[in-house]
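Here the structure is laid out as structure tokens; the discussion comes afterwards.
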């Protein structure tokens, strides 16, 4: 007998944030980049990671991408507006390159330039080639979590399809049960990755 709304009981992982060695947040949790498909009834949708960028081509190395982003985000807003200025002139090509990079990072061009200069003055400009092994480890864990989350998203889409029409099939109940098991395993894997990233960041700060 076909049951169109079989429910699976799996809890959705909560969003967590891991502090990087420089005090920035490695956000791990739901993001706007996940699938727009609605979750199947009772099947928890595993969140995507915000901690590192990704592509559709498989596991990617997040270290280089995340390094500059963290430097740019490090310069916090102040209660009193900054009024002092240092004028710098750029060529047309240089200005275009700076603005393009700032847009890609979701920042204002002036903020990007200012953050990088101040990070250099503070001796904290951790760019590719100057990074620690812990920086790479944390970024790789963030990238891995994104890949694990995609498995959960794909499984959820399968369960959603089975719960929304189609010809009755005797194995649908078994498929949905297996989907629930996979989503639960994905949640456990995501939690383990979050814990590993948190331990790495905490130990690095304490060193």
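Numbering (the working numbering), first residue to last: 112 to 318. Each residue gets a CB set at the ideal place from its N, CA and C atoms; glycine is no exception. Since we're looking at a predicted model, the values are computed, not measured.
Assuming contact is defined by CB atoms lying nearer than 8 Å, are residue i and residue j in contact in what I supplied?
i	j	result
residue 260	residue 290	no
residue 311	residue 248	yes
residue 220	residue 213	yes
Residues in the same chain with beta-carbon distance under 8 Å from residue i, minus the five sequence neighbours each way, listed in chain order, please.
i	result
residue 307	252
residue 198	none
residue 169	Summary for residue 169: the model assigns pLDDT 32, below 50, so the residue's position carries little reliability; its value from the coordinates is reported in the next sentence. Cβ within range, chain order: 258.
Compare the Cα-Cα distances from residue i to each of the options and report the closest residue.
i	options	result
residue 202	210, 302 and 247	210
residue 287	299, 303, 205 and 265	265
residue 267	298, 303 and 228	298
residue 257	304, 216 and 232	304
residue 196	284, 254, 228 and 273	228
residue 254	292, 272, 301 and 275	301
residue 222	292, 250, 284 and 193	193
Take residue i and list the residues in its own chain whose beta-carbon comes closer than 7 Å to its own, dropping the five residues that flank it on each side.
i	result
residue 224	209
residue 207	none
residue 53	An answer regarding residue 53 cannot be provided, because it is not within the stretch 112 to 318 covered by the chain.
residue 329	Beyond the ends of the chain as shown, which are 112 and 318, falls residue 329; an answer cannot be given.
Identify, in the order they occur along the chain, each residue of the same chain with its Cβ nearer than 6 Å to the Cβ of residue i, setting aside the five sequence neighbours on each side.
i	result
residue 313	none
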